[in-house]
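Going letter by letter, the sequence shown gives residues -30 to -1, 1 to 127 in mature numbering (1 follows the signal peptide of the UniProt record, and there is no 0). Comments concern the structure below.
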Amino acid sequence: MFLTAMGASLTVGALAIAVRGLAGTVPASASTSAAKPEVLVWKSPTCGCCGGWVDHMRAAGFPVTVQEVDDVEPVKMRLGVPATLQSCHTALVGGYALEGHVPADSVQRLLRERPAAVGLAVPGMPQGSPGMETGVKDPYDVVLFGAAGGDSVYERR
């Protein structure tokens, strides 16, 4: 899949490298093959649940770089997140887009299986999903999107 960023066509992986270079961040753990890839997150500076999801990903061992932006919509569009699957924050890891409160173990499975898709999404902001822990746990789906056969439920939680 190709994305257009700043007037140039880039693959999702190349975009991740370009963004990392622009941010000036290369995790110290990047040199070890067992290290988890860096998660680049775009979120509003005022969203607390997004910060909770970042903490969840860090607790799972992912190095995380946060870009606080006033409008995450252009990032969602650039990464190919469908409007029907959007949530509050967007991330990029290992060449895949992540939308919303995707659990770290779902991300680990995605990176292990490497399906031909754009990424994973947890649409909306379901109670009980990572970053949305309120004591209430609503059932929710983790959706694989951008695959040749269309979007599909990757996991039910």
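Glycine included, every Cβ here is placed at the ideal spot set by N, Cα and C. Since this is a predicted model, take the numbers as computed values, not measurements.
In angstroms with no decimal places, state the Cα-to-Cα distance between residue 26 and residue 19.
-> If I take the Cα positions, the gap works out to 10 Å.
Beta-carbon separation of residue 12 and residue 71 under 8 Å?
-> One thing to note: residue 12 has its Cβ no nearer than 8 Å to the Cβ of residue 71.
DSSP-derived helix/strand/coil call for residue 34 = If DSSP states are grouped into helix, strand and coil, residue 34 belongs with the strands.
Residues near residue 113 by beta carbon distance below 8 Å, same chain, minus five either side | Correct list, in chain order: 55, 90, 91, 92, 93, 121, 122, 123, 124.
Please list the segments of the alpha helix (DSSP H) lying wholly inside the region 64 to 124, counting only runs of 4 or more residues, in order along the chain.
-> Runs of the alpha helix (DSSP H) inside the region 64 to 124: 74 to 83.
Bounding residues of the beta strand (DSSP E) (the contiguous stretch that carries residue 46) | If you look at residue 46, you'll find it isn't in any beta strand (DSSP E); it sits in the alpha helix (DSSP H) that goes 43 to 49.
Could you please give me the residues that DSSP links to residue 61 through a beta bridge?
-> For residue 61, which the question treats as bridged, DSSP gives the partners 11, 68.
So, residue 101 versus residue 22, is the Cβ gap smaller than 8 Å?
-> Yes, the Cβ-Cβ distance between residue 101 and residue 22 is below 8 Å.
Return the first residue and the last residue of the alpha helix (DSSP H) that residue 25 is part of.
-> Unbroken alpha helix (DSSP H) run through residue 25: 18 to 29.
Exposure of residue 67, with buried meaning 16 or more beta-carbon neighbours within 10 Å | Residue 67 is buried by the Cβ-count criterion.
What does residue 126 pair with, by DSSP beta-bridge criteria?
-> Residue pairing by DSSP places residue 126 opposite 111 in a beta bridge.
Rounded C-alpha distance that separates residue 88 from residue 53 = Rounded to the nearest angstrom, the two C-alpha atoms are 14 Å apart.
Give the straight-line distance between the Cα atoms of residue 34 and residue 24, rounded to the nearest whole angstrom.
-> Each residue's Cα considered, the two are about 7 Å apart.
From 64, 86, 77, 63, pick the residue whose C-alpha is nearest to that of residue 118; which is it?
-> Looking from the CA of residue 118, the closest CA among 64, 86, 77, 63 belongs to 86.
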